[in-house]
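One structure is given below, encoded as structure tokens.
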Amino acid sequence: MKGKLLIVFNSAHGYVKRYVDILGNALGCDAVPADKLRGDMLGGYDKILYIGSVRGGTLGGYKKIADYLDVIYKKFILCGVGLFPFRKERAERVKSVAVSVAYEKFVPAFYVQGGFDLDELSRTEKMSISMIVRQLKSASVIDEDGTYFLNAMNTPVDEVKQANIQPLIDYLDDKTVDPELYSPPEITDPEEEKQFFEEMEKAASAPENKKRALKKKLKGK
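In structure tokens, the structure reads:
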């Protein structure tokens, strides 16, 4: 792997940490829990990966590093670990919920399946889960994810394995990765980057109605 890599992670129930260990064994990198991160740790690395649990449409612990994104976005990689099997749109969703409009076009994002065991959850987490279960059971139609979720209530899921995270290992090792296996960065050219931020500045100073239109355009650009 070219350059130094730092992994910043948040692991609620151990699945993320196990993936961090797999990454460390494969790439020989440094790792730090998100709650131990300091800004002065970020300067000496060429690549910075954040990996955390996807729960309820959020990425656990991500706020700890979000404040530094304006400095590290060019070397930043994102990965979410969740209950459900991989689909490309899950990687895209991880990016859209975590990264601001200003930087999401520069950030590659990955998603890997982790695990779930009801017995590992805290009382508060179990209460939240029970509400979701009631909503699903009362629905007239349950989609594929809903069915998978209900099955996981009775049969624990553990899909942590190197094969799942191999595309991310390859990406960090500067190898070509099938774009269907992650959400690639949309802007890599310096001139395109310059134009993008010029338009962002225009959007920020525009009247509110025009500002909304410009930001919508930039998000879909």
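The opening residue of the sequence shown carries number 79 in this note's numbering; numbering runs sequentially from there. Cβ coordinates follow ideal geometry from the N, Cα and C atoms, glycine included.
- Judged by DSSP secondary structure, isoleucine 143 falls within the alpha helix (DSSP H) whose first and last residues are 141 to 144.
- In this structure, the beta-carbon distance from alanine 187 to leucine 156 falls below 8 Å.
- As summarised for the stretch 102 to 180, the continuous beta strand (DSSP E) elements at least 3 residues long and confined to that stretch are 108 to 111, 125 to 133, 154 to 160, given in chain order.
- In the structure shown, serine 89 adopts coil according to DSSP, grouped into three states.
- The secondary-structure analysis by DSSP pairs alanine 187 across a beta bridge with Leu156, Ser261.
- Here DSSP, grouped into helix, strand and coil, assigns valine 255 to coil.
- In this model, tyrosine 249 and valine 255 are separated by some 6 Å (Cα to Cα).
- Close CB contacts of alanine 180 within its chain, under the 7 Å cut and outside five residues either way in sequence, are with Met278 (chain order).
- Burial check for glutamine 191: the Cβ neighbour count within 10 Å reaches 16 or more, so the residue is buried.
- Aspartate 251 and glutamate 170 have their alpha carbons spaced roughly 21 Å apart.
- In the three-state reduction of the DSSP assignment, aspartate 195 falls in the coil class, being assigned neither a helical nor a strand state.
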